[in-house]
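Asker:
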Amino acid sequence: MNAPFSLTRRQFLVRSLSTGAGLTLALYLPGCGREPEADTGTAGPGQAGARVAPEAEFEPNAFVRILPDDRVEVVIKHLEMGQGTFTGLATLVAEELDADWSQIVPVPAPADPERYNNLNWGKLQGTGGSTAIANAYTQMRQAGATARHMLVQAAVAEWGVPASEIRVSKGELSHPDSGRTARFGELAAAAAAQPVPEEVLLKEPGEFTLIGTFLPRLDNAAKLDGSAVYTQDIQLPGMRVAVVAHPPRFGARVKAYDAAAAKQVKGVTEVVGIPTGVAVLADNTWSAIKGREALKVEWDESAAFRMSSREILDDYRGRAQGPAAVARSEGDAAAALERASTRLTAAMHMPYLAHAAMEPLNCVMQLTEDGCEIWNGEQFQTVDQQNVAQVLGLEPGQVKINMLYAGGSFGRRANPHSDYLVETAHIVKSASGKAPVKLVWTREDDMLGGYYRPFYYHELEAGLDGEGMPVAWRHRIVGQSIMTGTVMEGGMVRDGVDATSVEGAANLPYAIPNLEVDLVTTELPVTVQWWRSVGSTHTAFAVETFIDRLARAAGRDPVDYRRGLLKDHPRHLGVLELAAQKAGWGRPLPEGRARGVAVHESFNSYVAEVAEVSIGDNGRINVERVVIAVDCGVAVNPDNIRAQMEGGMAFGLAAALMSEITLEDGQVVQSNFDGYEVLGIDRMPVVEVHIVPSTEPPTGVGEPATPVIAPAVANALSVLTGQDFDRLPLQLAV
Amino acid sequence: MAKLKVNGQEHEVEVDGSTPLLWVLREQLGLTGTKYACGIGICGSCTVHVDGKAVRSCTLPVSSIEAGQSITTIEGLSPDNSHPLQAAWKALDVPQCGYCQPGIIMAAAALLNENPDPSDADIDARVDNICRCGTFNRVRRGIHQAVKHMKGGRSA
Chain A
1 MNAPFSLTRR
11 QFLVRSLSTG
21 AGLTLALYLP
31 GCGREPEADT
41 GTAGPGQAGA
51 RVAPEAEFEP
61 NAFVRILPDD
71 RVEVVIKHLE
81 MGQGTFTGLA
91 TLVAEELDAD
101 WSQIVPVPAP
111 ADPERYNNLN
121 WGKLQGTGGS
131 TAIANAYTQM
141 RQAGATARHM
151 LVQAAVAEWG
161 VPASEIRVSK
171 GELSHPDSGR
181 TARFGELAAA
191 AAAQPVPEEV
201 LLKEPGEFTL
211 IGTFLPRLDN
221 AAKLDGSAVY
231 TQDIQLPGMR
241 VAVVAHPPRF
251 GARVKAYDAA
261 AAKQVKGVTE
271 VVGIPTGVAV
281 LADNTWSAIK
291 GREALKVEWD
301 ESAAFRMSSR
311 EILDDYRGRA
321 QGPAAVARSE
331 GDAAAALERA
341 STRLTAAMHM
351 PYLAHAAMEP
361 LNCVMQLTED
371 GCEIWNGEQF
381 QTVDQQNVAQ
391 VLGLEPGQVK
401 INMLYAGGSF
411 GRRANPHSDY
421 LVETAHIVKS
431 ASGKAPVKLV
441 WTREDDMLGG
451 YYRPFYYHEL
461 EAGLDGEGMP
471 VAWRHRIVGQ
481 SIMTGTVMEG
491 GMVRDGVDAT
501 SVEGAANLPY
511 AIPNLEVDLV
521 TTELPVTVQW
531 WRSVGSTHTA
541 FAVETFIDRL
551 ARAAGRDPVD
561 YRRGLLKDHP
571 RHLGVLELAA
581 QKAGWGRPLP
591 EGRARGVAVH
601 ESFNSYVAEV
611 AEVSIGDNGR
621 INVERVVIAV
631 DCGVAVNPDN
641 IRAQMEGGMA
651 FGLAAALMSE
661 ITLEDGQVVQ
671 SNFDGYEVLG
681 IDRMPVVEVH
691 IVPSTEPPTG
701 VGEPATPVIA
711 PAVANALSVL
721 TGQDFDRLPL
731 QLAV
Chain B
1 MAKLKVNGQE
11 HEVEVDGSTP
21 LLWVLREQLG
31 LTGTKYACGI
41 GICGSCTVHV
51 DGKAVRSCTL
61 PVSSIEAGQS
71 ITTIEGLSPD
81 NSHPLQAAWK
91 ALDVPQCGYC
101 QPGIIMAAAA
111 LLNENPDPSD
121 ADIDARVDNI
131 CRCGTFNRVR
141 RGIHQAVKHM
151 KGGRSA
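These protein sequence lines are chains A and B, in that order.
So the first sequence is numbered by UniProt numbering: it starts at 1 and just counts up by one.
So the second sequence is numbered by UniProt numbering: it starts at 1 and just counts up by one.
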């Protein structure tokens, strides 16, 4: 058992987050645990409601609320978009509280940059960069430990026994000598009267009883019977559904429109011009879609972007020969290349990619007496509050946000310009009356709507010495900046280098004495954004396929070659060795199959993947089996880590094998899943996940598996075919 | 006006016959478990059963539903989340974002209606839904686990 004041525990200061009041306003997600006891009076399935907590409830801080009926509500500040954060953050609280998993109820936090900011991002509330567990690991455990301390103090007062004799386990306090016991709920009111401790002691990893075990996802049941509520499911009284006619090309604008035919469509209530196009409002979604089909819009394309992907590639090839901003420079790469015994070069390109989450973008917004209220799969609260407030002439604090489940995101719902929320705000502002509006982007709107993973072009050059070891490495990257023009620019763009353009390349782990990584940043009207694993989506492919080419040129085994260059990077080495061992690296495979390996760090998590690949009679690339090793520090929820490794890899595999957004004459060619191919069950390989045991602080798992699969598959294909692969998605030479 | 029997209940809805069944279910009957995702019948998020067979409701005009046909949505698959597939999904923690899962479960349930012990190839052919979270291996395991339970006489 964990004695509350064990000397093995470290001490942490707790910033008191107590509201000091017995009354709290809480938001509830129906289907996420239970129904609100009273709501704001709005109707419809899945309506998020608000309620005032009775005074008997115990809210020791902004993250934990213990109810008299023994439920423990854990306030979750991050968006649940599939990555498991409702379960992960709740695990941290439950661990230190010594709660029973069955009494834990996650509730989404309101938008509040003071209380619910992402601790990695300053005073910004938002979810991304695989930071949820990493930033909140201590914070959420302190919340749990604080509540536990106050419960123990309540028992001390009530039972007249010393704290050191009280045990806490599975939601119950007990005093073994006297046989007294109490459930959390029974002591909640008394605990609330206890002073909030200034310091609490947290468990050492060896004392964990929940962290590291299998705990079923808390959002699991509601996602199996249709009761989980997404933005698309919100239905408010009098609500209008808005579908927007958007310009056919980046940089085009509305010249004129004729709404007469659209207004003839049954159910259409209004047509309004907004900065991003023309919005058709209707009393249901299908009418809004039909109304948009009937709408006549004349576009001003005088400033429209008209390049094709092929022309962008040619342009980037030219720019690669011009000036570049240095991201990392060590030794003298040019001189070392001159002296090298062998020189290798590569030129690679990667396309624009759409996030293509299953739930297309949408947002529900209503003007209220106090400002406005939003229902959304909300990923970037503080930025969205600011941008929406600006459109509506409000203060950010007047923008109330109800965070719902998101049907995926992969980065898209955290748009630095709040594009789809701002669009909704303009519709709400322009429409007559104060009816709530649900903006619905169809799949086509979602896929054609920009904010893609940027198109990139890479050039690499390396020199090997007589033993085949690299003595020089030059890596030039050409592409658009994701961070320029966003709130993150100040922190992320330095001396002309957007850190996200070069992450995974500038921090090359391999020991090479002469090294230069630089960047040519381009500007195009095609809008770009972070996409699951951000810069690593392209840099890992370039680096990890090129290092394999070096190994082949040296006549060396690719695992052994990497091993020799990673001596100072034990965590890279750890996952590489584990993946190789579990994959049976070096053991014979059936005819026609080959293995490829890649290792990469992103968001401070380390992942190695070994892919077994064959080529079908039809020339199809078949990825048969993938062995993944991950080092993400303390494994909070091992099964969720496995799920994120499987899913993150699958997301990257789609980009490796089939997905691309291309432009022709400035128009995006792919508008739905018929053109933008993604993975199905028939292309999913057998996956094994192995987690490196660790007591390091935990790091994220949502993204780091994604970038590693494309180079692993390409490297296996090179073994099979002798070809080099210089583009994504991968294509075999005919 | 359309007459629809959904999850055992008769409904009369005022609707243009060309409206896809999806929108009638979601917005007129309030059955929001059936999801919109592609609108062209590819991704399968909108899968429901018509007389036990899987159909993609986003491209099915409500007028094509014949009198007497019985529609089942995810809300009607079991009274209490207890269908063997739902139980297996819960045990294996299949869902991530969860948006596509009702459609996947309905596709798998229709497959099991016709083929109580499907092979992996049968699953590939019939549960061809898109899941961007990449839950496919757990979906496959979930179907096999549900089959095992059903064979053991524990079917719902």
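Glycine included, every Cβ here is placed at the ideal spot set by N, Cα and C.
If you're wondering where the values come from, they're calculated on a predicted model, not measured in any experiment.
#1: State the DSSP-derived secondary structure class of A:Thr231, mapped to helix, strand or coil.
#2: For A:Arg731 and A:Met658, what's the separation of their Cα atoms in angstroms?
#3: So, for A:Val272: in the same chain, excluding its five sequence neighbours on each side, which residues have a beta-carbon less than 8 Å away from its beta-carbon?
#4: Which term fits A:Ala733, buried or exposed, when burial requires 16 or more other beta carbons within 10 angstroms of its beta carbon?
#5: Could you tell me the alpha carbon to alpha carbon distance between A:His538 and A:Tyr456, rounded to whole angstroms?
#6: Using C-beta distances below 8 Å, list every residue in its chain close to A:His673, excluding the 5 sequence neighbours before and after it, in chain order.
#7: When DSSP labels each residue in this structure, what does A:Ala414 get in the three-state scheme?
#8: Keeping to the same chain, check which residues put their C-beta closer than 8 Å to that of A:Arg306; ignore five residues upstream and five downstream.
#9: CB A:Arg476 to CB A:Ala320, shorter than 8 Å?
#10: Alpha carbon to alpha carbon, how far is B:Lys148 from B:His11?
#11: I need the boundaries of the beta strand (DSSP E) containing A:Asn376, first residue and last residue.
#12: Looking at the secondary structure, which residues open and close the beta strand (DSSP E) in which B:His65 lies?
#13: Rounded to whole angstroms, what's the CA-CA distance from B:Gln96 to A:Val105? Just pull it up for me.
#14: For a quick check, are the C-beta atoms of A:Met684 and A:Ala654 less than 8 Å apart?
#15: Within the chosen definition, does the stretch 405-421 of chain A reach the stretch 209-218 of chain A through at least 3 CB pairs nearer than 8 Å?
#16: Consider the Cβ of B:Pro95: report whether some Cβ of chain A lies at a distance smaller than 8 Å.
#17: In this structure, does DSSP put A:Trp299 in helix, strand or coil?
#18: Locate the alpha helix (DSSP H) running through A:Ile312, then write down its first and last residues.
#19: Would you mind listing the alpha helix (DSSP H) stretches within the stretch 206-268 of chain A that are 4+ residues and don't spill past its ends, in chain order?
#20: With three or more beta-carbon pairs closer than 8 Å as the criterion, would you say the stretch 486-493 of chain A touches the stretch 309-319 of chain A?
#21: Output needed for B:Pro102: all residues of its chain with C-beta closer than 6 Å, excluding positions within five of it in sequence on either side, in chain order.
#22: Going by DSSP, which residues form a beta bridge with A:Thr138?
#23: Since A:Thr342 sits in a beta bridge, which residues does DSSP pair it with?
#24: Given A:Ala635, which residues of its chain have a CB within under 6 Å of its CB, disregarding the five upstream and five downstream residues?
#25: Kindly list, in the order they appear in chain B, the residues whose Cβ is closer than 8 Å to that of A:Asn672.
#26: I need the boundaries of the beta strand (DSSP E) containing A:Leu519, first residue and last residue.
#27: Do A:Asp726 and A:Ala324 have their C-beta atoms closer together than 8 Å?
#28: Measuring CA to CA, which of A:Lys266, A:Leu119, A:Gly377 and A:Gly179 is closest to A:Met358?
#29: So the candidates are A:Gln670, A:Val607 and A:Glu461; which of them puts its Cα closest to the Cα of A:Gly648?
#30: On the CB-based measure, 16 or more other CB atoms within 10 Å of its CB, does A:Val686 come out buried or exposed?
#31: Would you say the stretch 400-409 of chain A touches the stretch 255-271 of chain A, given that touching needs at least three Cβ pairs under 8 Å?
#32: Do the CB positions of B:Ala108 and B:Gln145 come within less than 8 Å of each other?
#33: Count the other CB atoms within 10 Å of the CB of A:Asn362; is the residue buried (16 or more) or exposed (fewer)?
#34: Could you list which residues in chain A have their beta carbon closer than 8 Å to that of B:Lys90, in chain order?
#35: Is there contact here, the stretch 231-243 of chain A with the stretch 180-188 of chain A, by at least three beta-carbon pairs under 8 Å?
#36: Return the residues of the stretch 64-83 of chain A that lie within a Cβ-Cβ distance of less than 9 Å from chain B, sorted by chain order.
Answerer: According to the structure data:
#1: Three-state DSSP puts A:Thr231 in a helix.
#2: With the sequence shown as reference, residue 731 of chain A is identified as Gln, and Arg is not the correct amino acid for it. The straight-line gap from Cα to Cα measures roughly 9 Å.
#3: Closer than 8 Å at Cβ, skipping near neighbours: Val278, Ala279, Leu281, Ile427, Ser430 and Ala431.
#4: Residue burial annotation: A:Ala733 is exposed, with fewer than 16 other C-beta atoms found within 10 angstroms of its C-beta.
#5: Computed Cα separation, rounded: 7 Å.
#6: Before going further, note that residue 673 of chain A is Phe rather than His in the sequence given. Setting aside the 5 residues that flank it on each side, A:Phe673 is surrounded in the same chain by Ala356 and Arg443, each with a C-beta closer than 8 Å to its C-beta; the list follows chain order.
#7: The DSSP-derived three-state label of A:Ala414 is coil.
#8: Arg249, Asp665 and Gly666.
#9: Yes, the pair counts as a contact, with Cβ atoms nearer than the cut-off.
#10: Rounded to the nearest whole angstrom, the CA to CA distance from B:Lys148 to B:His11 is 36 Å.
#11: From DSSP, the beta strand (DSSP E) with A:Asn376 extends over Cys372 to Asn376.
#12: A small correction: the amino acid at residue 65 of chain B is Ile; His does not occupy that position in the sequence shown. No beta strand (DSSP E) holds B:Ile65; DSSP gives it neither H nor E.
#13: Annotation: B:Gln96 to A:Val105 spans about 18 Å, alpha carbon to alpha carbon.
#14: The answer is no: Cβ separation not under 8 Å.
#15: No, the stretch 405-421 of chain A does not touch the stretch 209-218 of chain A.
#16: True, the Cβ-Cβ gap to chain A drops below 8 Å.
#17: A:Trp299: strand per DSSP, three-state reduction.
#18: Unbroken alpha helix (DSSP H) run through A:Ile312: Ser309 to Arg319.
#19: List check, alpha helix (DSSP H) in window: 260-264.
#20: The stretch 486-493 of chain A is not in contact with the stretch 309-319 of chain A.
#21: In its chain, beyond the 5 residues on either side, Gly33 and Ile74 have a beta carbon closer than 6 Å to the beta carbon of B:Pro102.
#22: Per DSSP, none; premise fails for A:Thr138.
#23: For A:Thr342, the pairing in a beta bridge is given by DSSP as A:Leu464.
#24: Short of 6 Å from the beta carbon of A:Ala635, and not among the five residues preceding or following it, lie these beta carbons of its own chain, in chain order: Gly212, Ile641 and Ile691.
#25: Chain-order list of chain B residues neighbouring A:Asn672: Cys38, Gly39, Ile40 and Ile42, by C-beta distance under 8 Å.
#26: The continuous beta strand (DSSP E) containing A:Leu519 extends over residues Asn514 to Thr522.
#27: One thing to note: A:Asp726 has its Cβ no nearer than 8 Å to the Cβ of A:Ala324.
#28: Among A:Lys266, A:Leu119, A:Gly377 and A:Gly179, the Cα nearest to that of A:Met358 is on A:Gly377.
#29: The residue with the shortest Cα to Cα distance from A:Gly648 is A:Val607.
#30: Exposed is the label assigned to A:Val686, since fewer than 16 other Cβ atoms lie within 10 Å of its Cβ.
#31: Output reads no: the stretch 255-271 of chain A does not touch the stretch 400-409 of chain A.
#32: No, they are not a contact pair.
#33: A:Asn362 should be labelled buried.
#34: What B:Lys90 touches in chain A: Pro216, Asn220, Ala221 and Leu224.
#35: No contact exists between the stretch 231-243 of chain A and the stretch 180-188 of chain A.
#36: Result list: Glu80, Met81, Gly82 and Gln83.
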